[in-house]
Structures are given as structure tokens and as C-alpha cells.
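Numbering (the working numbering), first residue to last: 91 to 636. Every residue gets a Cβ at the ideal spot worked out from N, C-alpha and C, and that includes glycine.
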Ligand code: SF4
């Protein structure tokens with residue numbers, strides 16, 4: 091049974107399904123009518139930082155008993171004096187040191203620094219259809235908010251309109267769409283990152299992007315993800331499409347060219363066929379061989395002209411974790427995303443999701459340990475992004491602190507998708523003519539939305555802020571899903587500002603491991619973050635004795 095609560099009376103949230111540590115349901119539906127914290131925050135924004143019905147209630151936290159090892163069992167340490175890492179123009183006066191003056195701006199990268207307004211990024215949104223359906227919302231929302239978005243693997247390979255000849259892409263309309271929508275609203279903050287797996291490498295994605303977009307795009311090499319230990323999968327419900335994917339070189343299961351599969355498909359006992367990606371480095375048998383291959387790939391990408399390259403690794407064991415940190419650092423990559431088990435995706439084998447790999451907090455704690463070992467040898471450590479089941483502002487803060495000073499970003503997959511489809515559902519209900527085109531799932535607004543409002547201006551706390559940013563005329567082209575992404579980002583940013591002000595760190599660069607402590611001894615042992623009443627205990631005793 092889940093230890094995470096399905097309802098939160100203080101915030102007035104209810105999960106549609108079974109919640110996990112992130113606060114999201116184990117199964118998150120694009121047609122969901124609510125109302126978890128992320129769903130409601132995508133409309134109400136920063137109001138969701140507080141208990142509901144102010145003036146008529148009092149509220150108290152039940153989260154004081156800490157069992158097991160999880161991000162939930164790290165607590166944030168506040169300080170009673172001081173103000174550190176003040177942004178330009180802010181003094182340490184009480185009038186200046188208010189939480190709205192906290193900067194959430196960060197940057198990552200080796201030679202070239204990529205600036206972000208918020209220390210978050212999306213997970214890789216690739217060939218899974220939910221990513222394609224709501225891409226405009228995700229990418230425009232990310233660009234307006236100023237955080238990086240990742241185009242996941244296989245986007246070209248599954249695109250029926252893409253033309254690939256002799257390992258070279260001639261046309262890739264879906265990939266173009268993904269990059270172009272972001273760049274249209276890009277204003278110097280955030281980034282568009284395109285991921286490349288085995289099939290993408292074969293198809294010539296790297297060569298295509300550099301020719302078409304130059305260094306506007308960051309290229310991401312992929313070793314894995316937290317949700318599964320095999321490559322990315324999708325399901326298709328057409329035999330013809332499955333055959334097309336097989337011809338494109340993918341592993342499709344069951345094989346659509348077998349007569350018995352075709353017969354079962356026709357009879358209706360098989361309704362979909364899975365498309366899988368290949369494993370990497372299958373012909374390599376040692377750490378040294380992998381390193382040689384990896385370094386060679388980076389040298390090749392640099393020779394093509396890539397100035398910014400990142401690596402994404404999954405929740406493999408400690409050997410692969412150390413390899414990723416060491417090689418990404420030696421290759422002077424710009425970012426390493428470390429994705430722990432517990433994070434979700436659209437289609438991973440469920441038993442695998444439940445049982446493979448290293449859960450996020452354990453993986454991230456070891457990532458810090460290995461990064462520090464490298465730094466202690468005088469080596470520069472690659473900037474890191476932690477991923478896997480992180481959705482709320484306190485989780486962002488704790489992940490940044492746990493991996494400090496190496497973590498610059500927190501990577502969030504499912505949470506940043508919820509506002510995308512929620513916004514499309516609202517837009518489709520308000521404008522039925524658009525519904526099909528934008529993949530809206532509702533005929534009319536449900537009560538969970540009309541309780542908030544019945545027009546975009548009434549529903550989204552940040553509608554006016556987005557309108558101010560892009561102008562009234564352009565606002566007509568902004569999907570409501572993007573407004574919802576912006577609204578959620580605003581809430582996460584405000585929550586982060588509050589936690590940072592309380593820890594007296596007025597810029598993300600100041601966040602250190604001293605800003606958190608462990609809620610139980612087990613978490614202390616696994617993370618190296620001291621138990622809460624041990625921290626400062628010696629100073630406390632000196633104060634008492636003085
Ligand atoms: S939006 Fe997703 S996570 Fe939230 S309640 Fe609905 S199904 Fe659950």
C-alpha cells in the first residue's frame with residue numbers, strides 16, 4: 091500500500107489514482123478532471139502554496155514522522171539570521187531581503203553558459219504520442235518560463251513524413267516542428283535539447299540538426315532513463331504503421347509481418363504492437379571500451395560543430411553512475427542528467443518500473459559522493475541535473491541541496507506535462523472547433539475547473555502575466571496549455587523563493603548541503619546528510635554553556 095496520501099485536506103487536493111512520492115498518481119491521464127496539487131497549481135498558481143479557505147481555517151502538518159529513505163525524509167533547515175548570495179542591487183536590509191527578491195536564475199555548462207530563469211528542465215519528451223500531441227503547450231510554456239526542454243529519442247524515426255536516405259535525413263518535419271516552436275518564443279533563457287539514441291545516431295539526427303540549426307540546439311547522448319532498463323518504447327495500433335517502423339529498422343513486438351500476428355490483429359485479440367529501441371554498447375565488454383566509444387562520439391559531435399553536449403543516464407548501478415560522471419566531466423560536457431528509479435514515463439513495462447534500478451535519493455546521494463571524489467582530486471565536475479519523481483518546490487530545493495554544488499537543475503518529466511494537457515482540455519471545451527486539432531479531451535468544463543472560473547482569464551492565475559509578456563496580438567497564438575505550464579512554473583518558482591529566503595540563500599548558487607537535514611537515521615546513513623538534531627548541536631551546547 092502506498093504511504094503517500096490520496097487527499098490533502100489542507101490544500102483541497104485529491105488524486106484521481108494512487109499517489110506516489112512526487113504527489114502524482116502512478117497512472118496520470120491526459121483527460122483527468124483533477125485534482126492533484128500539480129493539476130490545481132497549473133491553474134491557481136502560487137495560491138496553491140497555502141492551505142485553502144484563508145480566514146476560516148487553521149492548518150497543521152502531519153508530516154513529522156519520517157519512515158524509510160526518501161526525499162520526503164529530508165527536511166529543509168531554516169536560519170534565524172543572515173542573508174547570503176544576494177542578487178545584484180539587493181542589500182542585506184530587511185526591506186530588500188524579502189522572498190520575492192530571491193533570484194531563481196541559474197546557469198549550466200562548460201565553456202558556454204546556458205541561462206535559465208528557473209532551476210528546472212523537462213524530461214525527454216520523445217516519440218511517445220502524448221509528447222507529440224501537446225508539444226506546442228510544453229515547448230512554448232518552457233520558452234516563456236525560461237527553462238530547458240528536451241526532445242526525446244526517436245522523433246525522426248517514427249515520423250511517417252520524415253525522409254531518410256542512406257543514413258541521412260532529408261526531411262524531418264516533426265523534429266523541425268519541435269525545435270521551431272521553442273525557438274519562436276526563446277528569449278535567451280532555457281534551451282532546446284535534442285536527445286540521440288542508437289537509432290537516432292544511425293538515422294543521422296546529429297548531422298541533420300547541426301546543418302539546420304547550428305549550435306542553437308544542445309545535443310544529448312543517451313545512456314538510459316530511470317523508468318526502464320531497455321530503450322524507449324511506444325505502442326502503435328495499426329499493423330501498417332508497425333510494418334513501417336520495422337522497415338525503419340526498429341524492433342517491433344510482436345512481429346507484424348508474421349501471418350499469425352496479422353490474423354490475431356484482424357480478429358482483435360492483438361490490438362497494439364510495441365516498438366522498441368536498441369540497447370547501447372552491446373558489442374563492448376569493458377569499461378575502457380565504453381569510455382573509448384563515448385569519448386570518440388563526443389569528439390565526432392564536436393567535429394560536426396556542436397558546442398554544447400549533454401548526457402542522460404538512468405538508474406543503473408554504481409559502476410555506470412561513476413562512468414557517467416567521470417566521462418562526462420573528462421569530455422567537458424555541459425550537463426549530465428541522472429534519472430533515478432521512481433520517475434515515470436508513458437510506456438515502460440510496469441514490473442520493470444516497479445523493480446529495476448536505484449531509487450532517486452540513493453542514486454543522487456552517491457552521485458554527489460562520486461562528484462566530490464573527482465573534485466577533491468582537483469578535477470572539474472560536470473554540471474548535473476537530478477531527475478526521478480520530483481515534482482514540487484520542496485523536492486526541487488532538496489535535490490539541488492543534496493547534490494550541491496554540482497546540481498544546477500532538477501529534471502521533471504510527468505509534472506510539467508500535466509499543465510500541457512489540462513490547458514488543451516480547457517481550450518478544447520471552450521472552443522469546440524479547435525478541440526480535435528489540439529487534442530482536447532473534454533466537451534465541457536468540469537466542476538473542478540468551473541469552481542475556479544469559466545474563461546481563460548478567470549481560470550489561469552498567470553494568464554495576464556503571459557499576455558503582458560507576449561502582447562495581446564500574439565496571445566491568440568499561445569495555447570492555454572502553455573499558459574498552464576507558465577502558471578505551474580510560477581508557483582514552483584515562488585515556492586522555491588520562499589524556501590530559499592528561509593534558508594537565507596538569495597540565489598541558487600548559494601544552496602548547499604547545509605540547507606537540509608535528515609528526518610531519520612536511515613536517511614542520514616544513506617545520504618550523508620546529518621540527522622536534524624545533530625546539526626548544530628555542538629554550537630547549541632556552546633551557546634548554552636557560555
Ligand atoms: S493530473 Fe494526473 S497525477 Fe494529477 S490527479 Fe490527475 S491523473 Fe492524477
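Secondary structure of residue 621 (DSSP, three-state): strand. Runs of beta strand (DSSP E) with 3 or more residues, each lying fully within the region 266-325, are found at 282-286 and 307-312, listed in chain order. Listed in chain order, the non-local C-beta contacts of residue 620 below 7 Å within the same chain comprise 607, 608 and 614, local neighbours out to five positions each way being set aside. Remark: C-beta atoms of residue 346 and residue 329 approach each other more closely than 7 Å.
Inclusion of residue 161 and residue 451 in the CB contact set at 7 Å is warranted, their separation being smaller than that value. Per DSSP, the continuous alpha helix (DSSP H) segment holding residue 223 begins and ends at 219-223.
For residue 185, there is no enclosing alpha helix (DSSP H), since its DSSP letter is neither H nor E.
Taken atom to atom, the span from the alpha-carbon of residue 156 to that of residue 207 is near 33 Å.
Secondary structure of residue 550 (DSSP, three-state): coil. Segment contact: the region 169-179 against the region 228-248, fewer than three CB-CB distances shorter than 8 Å; contact not assigned. Residue burial is scored here from C-beta neighbours: residue 419 has at least 16 other C-beta atoms within 10 angstroms and is therefore classed as buried. DSSP places residue 537 in the helix class (H, G or I) of the three-state scheme. Set against 6 Å, the gap from the CB of residue 129 to the closest heavy atom of the ligand SF4 is smaller.
Ordered by chain, the residues meeting the criterion of a beta-carbon within less than 5 Å of a non-hydrogen atom of the ligand SF4 are 105, 106, 114, 115, 118, 119, 122, 126, 129 and 508.
The beta-carbon distance between residue 424 and residue 259, rounded to whole angstroms, is 24 Å. This is too long to meet the 8 Å contact definition. A check of alpha carbon separations from residue 359 across 372, 344, 366 and 365 identifies 344 as the nearest. In the three-state scheme derived from DSSP, where H, G and I count as helix and E and B as strand, residue 616 is classed as helix. Residue 284 is positioned such that its CB atom lies no closer than 7 Å to that of residue 300. Note on geometry: alpha-carbon atoms of residue 381 and residue 311 lie some 13 Å from one another.
In this structure, 244 is the residue among 115, 269, 138 and 244 with its C-alpha nearest to the C-alpha of residue 341. In the DSSP annotation of this structure, the continuous segment of the alpha helix (DSSP H) that includes residue 562 starts and ends at 562-565.
Look at residue 195 here: in three-state DSSP terms it is coil, with no helix or strand label. Assignment of residue 593 by DSSP, reduced to helix, strand and coil, places it in the coil class.
Taking a contact as a CB-CB distance under 8 Å, the pair residue 268 and residue 313 does not count as one, their CB atoms being some 22 Å apart. Distance between residue 202 and residue 396, taken at the CA atoms: about 11 Å.
Distance from residue 108 to residue 116 at the Cβ level is roughly 5 Å; contact confirmed, criterion being Cβ atoms closer than 8 Å. Residue burial is scored here from C-beta neighbours: residue 630 has fewer than 16 other C-beta atoms within 10 angstroms and is therefore classed as exposed. The alpha-carbon separation between residue 351 and residue 336 amounts to approximately 14 Å. Residue 385 and residue 252 have their alpha carbons spaced roughly 30 Å apart.
Distances from the CA of residue 587 to each of 177, 219 and 303 were compared; the closest alpha carbon is that of 177. With a cutoff of 7 Å on beta-carbon distance, residue 477 and residue 501 are scored as near each other.
Scanning 95, 94, 132 and 281 for the CA closest to the CA of residue 507 turns up 132. Rounded to the nearest whole angstrom, the C-alpha separation of residue 577 and residue 372 is 44 Å. Using a Cβ distance threshold of 7 Å, residue 483 and residue 582 count as a contacting pair.
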